[in-house]
Each structure stands twice: as C-alpha cells, then as structure tokens.
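See structure below.
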Amino acid sequence: MIQSLLRKWNLSRLKDKKYLYLFGEEPKDEYVCLDCETTGLNPKKDEILSIGAVLIKENRIIMRKTFNVFVKPSKNVTAESIKIHQIRPIDLENAITPKEAILELLEFIGSRPIVGYYIKFDMAIISKYTKQIIGVKIPNRMIEVSSMYFRTRHRHSEYEFVDLKFDTIMKTLNIPELGKHDALNDAIMTAMMFLKLREMTPAKSTFYEG
Numbered sequence: 002m003i004q005s006l007l008r009k010w011n012l013s014r015l016k017d018k019k020y021l022y023l024f025g026e027e028p029k030d031e032y033v034c035l036d037c038e039t040t041g042l043n044p045k046k047d048e049i050l051s052i053g054a055v056l057i058k059e060n061r062i063i064m065r066k067t068f069n070v071f072v073k074p075s076k077n078v079t080a081e082s083i084k085i086h087q088i089r090p091i092d093l094e095n096a097i098t099p100k101e102a103i104l105e106l107l108e109f110i111g112s113r114p115i116v117g118y119y120i121k122f123d124m125a126i127i128s129k130y131t132k133q134i135i136g137v138k139i140p141n142r143m144i145e146v147s148s149m150y151f152r153t154r155h156r157h158s159e160y161e162f163v164d165l166k167f168d169t170i171m172k173t174l175n176i177p178e179l180g181k182h183d184a185l186n187d188a189i190m191t192a193m194m195f196l197k198l199r200e201m202t203p204a205k206s207t208f209y210e211g
C-alpha cells in the first residue's frame with residue numbers, strides 16, 4: 002500500500018510524459034543489472050564517473066545488450082579517489098555529460114527491475130540526477146544480491162556473522178572473475194551471482210526489495 006502511494010506521488014512529479022514508460026508493466030523475466038563507479042560514497046555530494054549495465058532475460062545474460070559509459074565529473078578527480086575507482090583523467094577524455102548518460106541509461110533500463118550489489122547506493126546516486134532531469138527518483142524495483150545471498154546461508158543462530166563482501170560471494174558461488182573491477186565487469190559478475198542465487202532461492206518474494 003505504501004509503495005503504491007509512493008509510486009503515484011512519484012508519477013505526479015514527472016516533468017516529461019515521455020518517461021512514463023519507466024512506470025510501465027515490467028517485462029516478463031527481464032532484468033537489468035547495473036553498477037556505478039563514483040567519486041565517493043556520499044550520494045548527495047559525490048558524482049558518477051562510469052555506469053555499466055547488462056540485460057538479463059530468461060536466465061541468460063545478454064552480452065550483446067550491454068551499457069557502458071564514462072561520465073564527465075564537474076571537477077577533476079583526485080589522486081586519492083583514483084586509488085579506489087581506478088578511473089584516470091585520460092579515461093574521461095571522451096566522457097559524456099551526466100544528462101546524456103542518465104537519459105541513455107533510462108532508455109536501456111525501461112521498466113525492468115534493477116539488480117545490483119548494494120544497489121540502494123547506485124539507485125540513490127542515479128536518482129540525484131534523474132530528479133534534476135525528469136523530476137523524479139528512478140522508480141524501478143530493486144533486487145539486492147547480497148540479501149539473496151544472506152538468505153542462502155545456514156546459520157546456527159540469528160546473531161551469526163555472514164560475510165557479504167563482493168569477493169566472498171563470488172568465491173562462495175564459484176563465479177569467475179572478469180579481470181579488473183570496472184562498472185561493466187562488476188555488473189556482469191553481479192548478474193552471474195543473481196542467476197545462481199535465483200536457482201537457490203526460487204521464491205521470488207524472498208529477494209525483491211524496493
């Protein structure tokens with residue numbers, strides 16, 4: 002009920018009816034897995050540097066349907082942040098504007114649910130841009146792979162620690178590592194996690210969030 006009201010309120014704030022498709026019916030058994038590289042971990046003040054995404058359809062990762070862009074920041078990236086995201090100034094020479102990147106991303110996503118690892122952060126920072134551009138937060142439903150993974154762990158008590166680090170989940174699920182950790186590779190690896198975990202948690206209600 003609350004989600005329905007929030008969705009209606011969000012829809013009422015949409016600036017351009019061209020983007021009504023974001024609120025449309027979800028395509029059957031289709032998802033978009035995405036990952037963002039950013040200047041930091043504060044969605045309110047930090048910026049997106051790159052976005053990688055891939056389409057999942059009927060238990061398959063559609064590698065011919067990928068999205069991979071670099072995004073121009075408003076100021077130069079710092080040497081300290083480069084150590085984290087590994088994106089150098091030379092990588093951003095042909096980057097596109099945030100508006101171009103976000104509008105292309107929305108077209109790629111459509112009304113599909115969005116899968117990710119700690120996806121609430123990615124959705125929060127993307128929504129910072131969509132609110133400026135089209136007036137609303139991105140309305141798509143979220144699916145969090147770390148929550149799916151958590152539910153597959155057998156614990157002796159509810160207080161037992163579960164390691165939810167990306168690399169730990171990869172290793173436990175025997176997912177191959179795809180070279181360097183960039184936005185597109187991380188999106189593809191997260192998509193592989195999702196498909197494997199979905200086999201282990203077939204009740205869809207156990208892993209949907211958002």
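With this note's numbering as the guide, the letters of the sequence shown map in order to residues 2 to 211. Note that the Cβ used here is the ideal one computed from N, Cα and C, for glycine as well. This structure is a prediction, so every number in the text was calculated from the model and none was measured.
Less than 8 angstroms between C-beta atoms, sequence neighbours within five positions excluded: which residues of the same chain meet that for residue i?
{"i": "Asp36", "result": "Ile52, Gly53, Ala54, Gly117, Tyr118, Asp123, Ala184, Leu185, Asp187, Ala188, Thr191"}
{"i": "Arg8", "result": "Phe24, Pro140"}
{"i": "Thr39", "result": "Asp47, Glu48, Ile49, Leu50, His86, Ile126"}
Using beta-carbon positions only, say whether residue i and residue j come within less than 9 angstroms of one another.
{"i": "Ile176", "j": "Ile144", "result": "no"}
{"i": "Tyr32", "j": "Ile57", "result": "yes"}
{"i": "Met149", "j": "Met171", "result": "no"}
{"i": "Ile88", "j": "Phe71", "result": "yes"}
{"i": "Leu15", "j": "Gly136", "result": "yes"}
Grab me the residues of residue i's own chain with a C-beta within less than 6 angstroms of its C-beta, minus the 5 sequence neighbours each way, in chain order.
{"i": "Lys98", "result": "Per the sequence shown, the amino acid found at residue 98 is Thr instead of Lys. Result list for Thr98: Lys73, in chain order."}
Going by DSSP, what residue range makes up the alpha helix (DSSP H) through residue i?
{"i": "Arg152", "result": "146 to 153"}
{"i": "Tyr130", "result": "120 to 134"}
{"i": "Glu108", "result": "99 to 110"}
{"i": "Ser158", "result": "Neither: Ser158 is in no alpha helix (DSSP H) and is coded neither H nor E."}
{"i": "Leu174", "result": "167 to 174"}
Give the range of the beta strand (DSSP E) segment to which residue i is assigned.
{"i": "Ala192", "result": "Taken as a continuous stretch (DSSP letters only), Ala192 belongs to no beta strand (DSSP E), being part of the alpha helix (DSSP H) at 184 to 201."}
{"i": "Phe68", "result": "61 to 71"}
{"i": "Asp36", "result": "31 to 39"}
Between which residues of its own chain and residue i is the CB-CB distance below 7 angstroms, once the five residues before and five after are set aside?
{"i": "Tyr209", "result": "With a pLDDT of only 48 at Tyr209, under the threshold of 50, the placement of this residue in the model should not be trusted; the figure read from the coordinates follows. Here the set comprises Arg142, Ile144."}
{"i": "Met201", "result": "Thr153"}
{"i": "Cys34", "result": "Ala54, Val55, Ile57, Val116, Gly117, Ala188, Thr191, Ala192, Phe195"}
Pop quiz: residue i and residue j are said to be a contact at Cβ under 8 angstroms. What is the actual Cβ separation, rounded to whole angstroms?
{"i": "Pro28", "j": "Arg113", "result": "6 angstroms"}
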